[in-house]
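Student:
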Amino acid sequence: MPLSEDIQVIEDFIRRLQVEWDKFFAGLERKPPTDLKNKVEALMRRYSNAEIRNNTERFRYQTLTAKYNTLNELWSKRLRAKEEGKLFGVHGLKAEMLPPPAPAARPAAGGSSPREDTGEIRVQSPDRDAAAVRALYDNFLQARQRAGETAAVKFESFQKLISQQASRILTEMGGRAVDFRLETKDGKVSLKAKVVK
Numbered sequence: 002m003p004l005s006e007d008i009q010v011i012e013d014f015i016r017r018l019q020v021e022w023d024k025f026f027a028g029l030e031r032k033p034p035t036d037l038k039n040k041v042e043a044l045m046r047r048y049s050n051a052e053i054r055n056n057t058e059r060f061r062y063q064t065l066t067a068k069y070n071t072l073n074e075l076w077s078k079r080l081r082a083k084e085e086g087k088l089f090g091v092h093g094l095k096a097e098m099l100p101p102p103a104p105a106a107r108p109a110a111g112g113s114s115p116r117e118d119t120g121e122i123r124v125q126s127p128d129r130d131a132a133a134v135r136a137l138y139d140n141f142l143q144a145r146q147r148a149g150e151t152a153a154v155k156f157e158s159f160q161k162l163i164s165q166q167a168s169r170i171l172t173e174m175g176g177r178a179v180d181f182r183l184e185t186k187d188g189k190v191s192l193k194a195k196v197v198k
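Each residue of the sequence shown is one higher than the last, beginning at 2 in this note's numbering.
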């Protein structure tokens, strides 16, 4: 079978494999689709060390290999989580470990608002968005309390840190705002920032 046909077969198998894994994780199938997985891997191994001279075919093969490796890693994590009896939701294992974010107070009209659906708070300008920074500070204190951290943090210090981080991120990455969210790992609460383009 020529390579172009094999690449199409690999693509179809990966698509079928995604459906079969979804059925398995949804509880519709009792066994993971290991037979189909083995077929895909055997077909991909056939060309792993082969020299593919056609640029289009090489690109398609490499793209499919990367896609399969990413999906396979995700399936392995979900399978491990299922075997350990843990939840694996949209946000991975952290969806189970983190407590739900506390609802934050809404700032005055015109300012940035906490994004309650994701637990993120958007800051466009730390000076103008004082209510958003205050809401983030309150959430930060609550998360630290839940995690058992007792060291006091003054609002002024927190505000200065947020201002520095937001200014640096906006200057370096050229966004219009910064989304801040809290993350608890190993009993420590930390801030994560993401630029909004």
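Quick reminder that beta carbons are idealized off the backbone N, C-alpha and C, glycines included.
Pull up the CB-CB distance for Gln-1 and Ala-194, whole angstroms please, since I reckon it's below 8 Å.
Tutor: Nothing about residue 1 can be reported from this structure: the residues present for the chain run from 2 to 198 only.
Student: Quick one: give me the first and last residue of the beta strand (DSSP E) that Arg-123 is part of.
Tutor: That run of the beta strand (DSSP E) goes 121 to 124.
Student: Rounded to the nearest angstrom, what separates Thr-119 and Gln-166 at their Cα positions?
Tutor: With a pLDDT of 41 at Thr-119, under the threshold of 50, the modelled position of this residue cannot be trusted; read the value that follows with caution. The straight-line gap from Cα to Cα measures roughly 20 Å.
Student: If you follow the alpha helix (DSSP H) that Val-179 is part of, which residue opens it and which one closes it?
Tutor: From DSSP, Val-179 is part of no alpha helix (DSSP H) but of the beta strand (DSSP E) over 178 to 186.
Student: Does Arg-145 pass the burial test, meaning 16 or more other C-beta atoms within 10 Å, or should it be called exposed?
Tutor: Under this definition Arg-145 is a buried residue.
Student: Looking at C-beta atoms only, is the number of pairs between the stretch 127 to 143 and the stretch 161 to 176 that lie closer than 8 Å three or more?
Tutor: Output reads yes: the stretch 161 to 176 touches the stretch 127 to 143.
Student: For the alpha helix (DSSP H) that Val-197 lies in, which residues bound it at each end?
Tutor: Premise fails: Val-197 lies in the beta strand (DSSP E), 189 to 197, not in any alpha helix (DSSP H).
Student: Check Leu-29 in the structure and name its three-state DSSP category.
Tutor: Here Leu-29 sits in coil by DSSP.
Student: How big is the Cα-Cα spacing for Met-174 and Val-190?
Tutor: For Met-174 and Val-190, the distance between alpha carbons rounds to 25 Å.
Student: Residues in the same chain with beta-carbon distance under 6 Å from Pro-33, minus the five sequence neighbours each way, listed in chain order, please.
Tutor: Only Phe-25 meet the Cβ criterion.
Student: Check Thr-151 in the structure and name its three-state DSSP category.
Tutor: Of the three classes helix, strand and coil, the one that applies to Thr-151 here is coil, per DSSP.
Student: By alpha-carbon positions, which one of Val-197, Leu-72 and Lys-186 ends up nearest to Arg-17?
Tutor: Comparing Cα-Cα distances from Arg-17 to each of Val-197, Leu-72 and Lys-186, the minimum goes to Leu-72.
Student: Looking at the structure shown, is Tyr-138 part of a helix, part of a strand, or coil, going by DSSP?
Tutor: Three-state DSSP puts Tyr-138 in a helix.
Student: Which stretch, first to last residue, makes up the alpha helix (DSSP H) that contains Lys-87?
Tutor: Lys-87 -> no alpha helix (DSSP H), and no H or E assigned at all.
Student: Does Pro-104 pass the burial test, meaning 16 or more other C-beta atoms within 10 Å, or should it be called exposed?
Tutor: Interpretation of Pro-104 is limited by its pLDDT of 48, a score under 50 that renders its predicted location unreliable; the figure taken from the coordinates is listed afterwards. By the 10 Å Cβ count, Pro-104 comes out exposed.
Student: On a CA-only basis, which of Lys-68, Ala-82 and Arg-182 is nearest Ile-122? Give me that one, please.
Tutor: Cα-wise, what sits closest to Ile-122 is Arg-182.
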